[in-house]
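The structure appears below as structure tokens.
Right under this line is the structure:
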């Protein structure tokens, strides 16, 4: 006797859900529970990286090698560094209330659209570490909003490093899973 169509569809749905659940488990098992820092840390990470006084937007010397995102905590600036150490884009950012520790990281997750910890809808979220349970990453607000409040005016802990929507589009295209992120002073 052949099974009914409803039983067949139920069986297929159950098998599909089990497969998706297994794949989700496998994916979550490969995400590090704690962001890792590479062993070879650029000199610029441990102290203020030398800057070109004639060109403040120039890539700081000693900020790593290879294709990478360079984020300066002191300058609130990002550089997207492509093949041949060529800067493809640089832009200012507005940090959240929590800064990452200087070091070398890898992009661990991305989200196309979510709501930020400050309640603002954001897009093109590129996460690379966490500090005390707060995810740290780059994102763009989906509408005109005030920058995240400073630590002196709010108790909300935010790890979002906000960029313009145009810069967020560039970051989204550039910083895929595993891409190197170098955080410097």
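In our numbering, the protein residues as written are -7 to 177.
The beta carbon of each residue, even a glycine, is placed where N, CA and C say it ideally should be.
Only a predicted model underlies this, so the values are computations on that prediction, with no experimental measurement involved.
Return the CA-CA distance between residue i and residue j, expressed in angstroms with no decimal places.
{"i": "residue 168", "j": "residue 71", "result": "15 Å"}
{"i": "residue 156", "j": "residue 131", "result": "8 Å"}
{"i": "residue 151", "j": "residue 54", "result": "25 Å"}
{"i": "residue 76", "j": "residue 59", "result": "8 Å"}
{"i": "residue 63", "j": "residue 124", "result": "20 Å"}
{"i": "residue 93", "j": "residue 122", "result": "10 Å"}
{"i": "residue 73", "j": "residue 172", "result": "10 Å"}
{"i": "residue 177", "j": "residue 104", "result": "28 Å"}
{"i": "residue 174", "j": "residue 108", "result": "23 Å"}
Would residue i be called buried (16 or more neighbouring beta carbons within 10 Å of its own) or exposed?
{"i": "residue 57", "result": "exposed"}
{"i": "residue 44", "result": "exposed"}
{"i": "residue 89", "result": "buried"}
{"i": "residue 99", "result": "buried"}
{"i": "residue 84", "result": "exposed"}
{"i": "residue 165", "result": "exposed"}
{"i": "residue 179", "result": "No answer is possible for residue 179: it lies beyond the span of the chain, which begins at -7 and ends at 177."}
{"i": "residue 170", "result": "exposed"}
{"i": "residue 66", "result": "exposed"}
Considering Cα atoms alone, identify which of the options is closest to residue i.
{"i": "residue 135", "options": "53, 88 and 106", "result": "106"}
{"i": "residue 158", "options": "147, 81, 176 and 52", "result": "81"}
{"i": "residue 102", "options": "176, 126, 119 and 153", "result": "119"}
{"i": "residue 148", "options": "95, 126 and 175", "result": "126"}
{"i": "residue 153", "options": "129, 95 and 97", "result": "129"}
{"i": "residue 160", "options": "108, 133, 69 and 87", "result": "133"}
{"i": "residue 86", "options": "97, 95, 61 and 69", "result": "69"}
{"i": "residue 162", "options": "117, 97 and 52", "result": "117"}
Which residue marks the beginning of the alpha helix (DSSP H) containing residue i, and which one marks its end?
{"i": "residue 160", "result": "157 to 166"}
Which residues mark the beginning and the end of the beta strand (DSSP E) in which residue i is found?
{"i": "residue 107", "result": "101 to 107"}
{"i": "residue 64", "result": "60 to 64"}
For residue i, verify whether its CB is less than 7 Å away from any heavy atom of the ligand FMN.
{"i": "residue 175", "result": "No copy of the ligand FMN occurs in the structure displayed, which carries no ligand at all."}
Beta-carbon of residue i versus every beta-carbon of chain C: anything under 8 Å?
{"i": "residue 135", "result": "This model lacks chain C altogether, as it is built from one protein chain only."}
Original post:
Touching or not, the segment 41 to 58 and the segment 104 to 119, by the rule of three or more beta carbon pairs under 8 Å?
Top reply: no
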